[in-house]
């Protein structure tokens with residue numbers, strides 16, 4: 003027989019069993035396929051009114067008892083065959099439970115147990131501790147975390163912007179300092195050349211004679227000049243025989259270059 007497109011036998015059976023007699027609910031809860039429920043019941047032994055036992059399905063009897071106890075304690079609404087919830091006493095063999103009531107009761111009292119005839123794959127895979135209130139709490143925490151993350155991103159963007167601005171200022175200052183250092187070096191070199199030229203010119207003048215042959219100073223040579231400087235200014239920084247010899251040599255070289 004070809005199954006028509008879109009036909010789902012499981013959904014049809016679940017719809018048929020939207021109202022379950024207690025032993026049927028217990029069998030489905032034990033994992034019995036819906037189409038085998040009648041066969042299992044035909045082999046079951048009734049140990050108490052509405053309570054059945056199957057040797058190859060040991061969970062049937064305790065689950066029958068659990069459903070009856072929930073009805074007796076008012077934890078699980080009970081119906082008769084027509085499916086209307088009643089408040090008065092219903093004989094155990096005539097008790098029926100609605101699918102939605104059974105599902106809510108099992109989810110509340112047996113959160114780790116989610117039989118396939120009541121719970122879909124998403125509900126079975128969800129953690130038992132996650133209920134509507136817990137989900138709402140998680141949502142609130144998630145929104146709070148998102149808000150904190152947004153603030154953290156804004157803070158990070160501001161920090162990055164400030165860092166980039168500081169890097170720009172640093173690079174500008176570095177460039178300025180390098181330029182100043184370069185300019186200072188150039189100025190120092192020019193100043194030193196100027197001083198050496200002055201010293202060289204004075205040496206040349208002091209040791210030379212006029213056109214008439216008259217000497218411009220009493221010093222006959224460079225040694226005499228050094229001796230005089232040492233005699234008058236030996237206590238001054240830079241006034242030493244070796245330094246004067248060196249600087250005079252540099253001065254002569256500098257003045258002769260121009």
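Numbering (the working numbering), first residue to last: 3 to 260. Heads up, the beta-carbon is just placed ideally off N, CA and C, and yes, glycines get one too.
Look at residue i and residue j and say whether their C-beta atoms are less than 8 Å apart.
| i | j | result |
| --- | --- | --- |
| residue 194 | residue 257 | no |
| residue 70 | residue 56 | no |
| residue 30 | residue 112 | no |
| residue 25 | residue 43 | yes |
| residue 144 | residue 22 | no |
| residue 249 | residue 201 | yes |
Per DSSP, what kind of secondary structure is residue i in: helix, strand or coil?
| i | result |
| --- | --- |
| residue 72 | helix |
| residue 98 | strand |
| residue 213 | coil |
| residue 238 | coil |
| residue 21 | strand |
| residue 249 | helix |
| residue 168 | helix |
| residue 78 | coil |
| residue 26 | helix |
| residue 120 | coil |
| residue 84 | coil |
| residue 92 | coil |
| residue 189 | Because residue 189 sits at a pLDDT of 49, beneath the cut-off of 50, its placement in the model cannot be relied upon, and the following sentence gives the value as read from the coordinates. Note: residue 189 maps to helix in three-state DSSP. |
| residue 231 | helix |
| residue 53 | strand |
For residue i, does the count of other Cβ atoms within 10 angstroms reach 16, so buried, or fall short, so exposed?
| i | result |
| --- | --- |
| residue 98 | buried |
| residue 6 | With a pLDDT of only 34 at residue 6, under the threshold of 50, the placement of this residue in the model should not be trusted, and no figure is reported. |
| residue 142 | exposed |
| residue 135 | exposed |
| residue 63 | buried |
| residue 27 | buried |
| residue 220 | exposed |
| residue 100 | buried |
| residue 94 | buried |
| residue 68 | buried |
| residue 178 | exposed |
| residue 108 | buried |
| residue 243 | exposed |
Using the Cα positions of residue i and residue j, report the straight-line distance between them to the nearest angstrom.
| i | j | result |
| --- | --- | --- |
| residue 86 | residue 106 | 17 Å |
| residue 35 | residue 54 | 17 Å |
| residue 245 | residue 226 | 15 Å |
| residue 165 | residue 148 | 25 Å |
| residue 122 | residue 116 | 9 Å |
| residue 153 | residue 65 | 53 Å |
| residue 198 | residue 170 | 42 Å |
| residue 50 | residue 124 | 36 Å |
| residue 223 | residue 184 | 39 Å |
| residue 52 | residue 151 | 58 Å |
| residue 203 | residue 252 | 12 Å |
| residue 58 | residue 39 | 14 Å |
| residue 72 | residue 20 | 19 Å |
| residue 214 | residue 208 | 15 Å |
| residue 261 | residue 167 | The structure shown does not extend to residue 261, since the chain spans only 3 to 260, so no value can be given for it. |
| residue 89 | residue 102 | 18 Å |
| residue 218 | residue 192 | 29 Å |
| residue 48 | residue 127 | 35 Å |
| residue 259 | residue 196 | 12 Å |
| residue 255 | residue 237 | 27 Å |
| residue 172 | residue 138 | 50 Å |
| residue 77 | residue 92 | 15 Å |
| residue 240 | residue 190 | 18 Å |
| residue 247 | residue 229 | 11 Å |
| residue 163 | residue 182 | 29 Å |
| residue 96 | residue 140 | 43 Å |
| residue 235 | residue 212 | 28 Å |
| residue 83 | residue 32 | 22 Å |
Under 7 Å from any heavy atom of the ligand NAD, does the C-beta of residue i make it?
| i | result |
| --- | --- |
| residue 166 | Because no ligand of any kind appears in the structure shown, any question about the ligand NAD cannot be addressed here. |
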